[in-house]
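All letters in the sequence shown, in the order written, are residues 1 to 323 by the UniProt record's numbering. From the three backbone atoms N, C-alpha and C, an ideal C-beta is built for every residue, glycine too. Note that the structure is predicted; figures quoted are calculated from it, not measured. A quick write-up on the structure given underneath.
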Amino acid sequence: MEPNQNTSTGFQENDNQTEPYMHPTFITLDASLFPHEGPWRVIIHSLVPLALFAIMLNLGVLGACVMRRFDKPMVFYIALCVIADTLWICVTMATFVRGLLAVKRRVYFTECLGHVYSIDCVRHSQLLIQWIMDVDRYWAIFWPYSYAGFMAKKRGMFFLAFSLISTGIIIKLFDGIFTSGLYFCKHNLMISEGFCMVGFLLKISCGGKTSANLHVVIVTYSSYILLTTTIIFTSWRIIHTCTKSSSNKFSNKAVHTCFTQIMAFVVKIGSRMAFLISVRLGDHGIPFRLILYIICMFGVLWVNKDLNRKSGSIVCAQCIPDD
1 MEPNQNTSTG FQENDNQTEP YMHPTFITLD ASLFPHEGPW RVIIHSLVPL
51 ALFAIMLNLG VLGACVMRRF DKPMVFYIAL CVIADTLWIC VTMATFVRGL
101 LAVKRRVYFT ECLGHVYSID CVRHSQLLIQ WIMDVDRYWA IFWPYSYAGF
151 MAKKRGMFFL AFSLISTGII IKLFDGIFTS GLYFCKHNLM ISEGFCMVGF
201 LLKISCGGKT SANLHVVIVT YSSYILLTTT IIFTSWRIIH TCTKSSSNKF
251 SNKAVHTCFT QIMAFVVKIG SRMAFLISVR LGDHGIPFRL ILYIICMFGV
301 LWVNKDLNRK SGSIVCAQCI PDD
């Protein structure tokens, strides 16, 4: 009897095996549905040199921060942001781009869980660093004395950054823990993607998905909501305050910096939100999904030149209106 193929979930069900069990042995990552001909072939094969260029550019920004010896908290946060962005490129190269180039490859379930851990931890670290930078900028402008006291010996910025990032990573590790508790119906499963992600594993699982699904939805969307509201509120307050300054120079810097942060948010975070929503809604527009992957992977390239200019948004701290 021929196996029935379930195209909506991306795996094949065997009629002779219906009893669920904990872990499959192998998962086949099948990226053959993605376009590989014509201009798409050129785009896919150009991802490797583009990734190397992005890493070199990030290392240049990191070197500039080290040369300044992290003299300001924002310089330190920019260095963390660059490290997280570089790790993100490395992770996506090892997972998604590798899967695209191989078209179809077979991985152990433990390697698939490794994809889930690395992607979620790096992605959540990027969100937290972005949030820290927005809060740091707002704090430095509107409460300069408490900010200076807390950051005086540089212990404050190290404690704030590492405590928040560590807490976020620990929370995201539960994604992998809940994922390892899923039940599956076959020893060999297939995902019609180039890599593993929590949402894909939830789709092909047979049971045990309630707690994992709930955790993913709460943590992921609450993080996006927190970052969105923070960047909108802080940018609006800073622009509103700095435009009242007697100095047009500082006012222009404030507007430029804040809009740079907003555009970086739209490119880096907005594309991932669109991707997550498309996965949840079952959108199978493969070319659109491939474009989202590339934007998610390289969306931060254009903002690095602004981050390397004057330690990012800390220049806004000089534009408090005159009394």
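Rounded to the nearest angstrom, the gap between the Cα atoms of G181 and P73 is 40 Å. For D120, the secondary structure class from DSSP, reduced to helix, strand or coil, is helix. One alpha carbon belongs to C196, the other to R98, and they sit about 12 Å apart. Taking I231 as the centre and dropping the five residues before and after it, the same chain places the C-beta of D134, F265 closer than 6 Å to its C-beta, in chain order. Within the same chain, and ignoring the five residues on either side of K172 in sequence, the residues whose Cβ sits closer than 6 Å to its Cβ are D120, C121, H124. Pairwise C-beta distances place the region 209-227 out of contact with the region 42-50, as fewer than three of them are shorter than 8 Å. With a beta-carbon spacing of about 28 Å, L189 and I169 fall beyond the 8 Å limit used to define contacts. Remark: C-beta atoms of T28 and R106 approach each other more closely than 8 Å. Distance from the CA of C258 to the CA of F184, rounded to the nearest whole angstrom, comes to 47 Å. CA-CA distance, C81 to W131, rounds to 11 Å. Its Cα nearest to that of V42, the residue L101 stands out among Y77, L101, F70, V66. When rounded, the separation of the alpha-carbon atoms in D30 and H187 is 16 Å. Checking the DSSP bridge columns, you'll see V107 partnered with I27.
The beta-bridge partner set that DSSP reports for L80 is empty. Put simply, the backbone Cα of N248 is about 34 Å away from that of F158. Taken atom to atom, the span from the alpha-carbon of L52 to that of C206 is near 40 Å. In the structure shown, L164 falls within a helical segment according to DSSP collapsed to helix, strand and coil. Here S223 really is in contact with L127; their C-beta atoms are around 5 Å apart, less than 8 Å. A Cβ-Cβ distance of about 17 Å is found for the pair I295 and L227, leaving them out of contact under the 8 Å criterion.
Going by DSSP, T95 is part of no alpha helix (DSSP H) at all; its letter is neither H nor E. DSSP, reduced to helix, strand and coil, places M151 within a helical segment of the structure shown. The C-beta separation of D175 from V116 comes to about 6 Å, placing the pair in contact by the 8 Å criterion. Its chain contains I239, C242, T243 as the residues whose beta carbon lies nearer than 8 Å to that of V255, once the 5 sequence neighbours on both sides are disregarded; these appear in chain order. Exclusion of the five residues before and after F150 leaves G156 as the residues of its chain whose Cβ lies within less than 6 Å of its Cβ. For H36, there is no enclosing alpha helix (DSSP H), as DSSP marks it with neither H nor E. In this structure H215 is in contact with F178, their Cβ atoms being roughly 5 Å apart against a cut-off of 8 Å. Shown here, M197 sits in coil according to DSSP, grouped into three states, outside any helix or strand.
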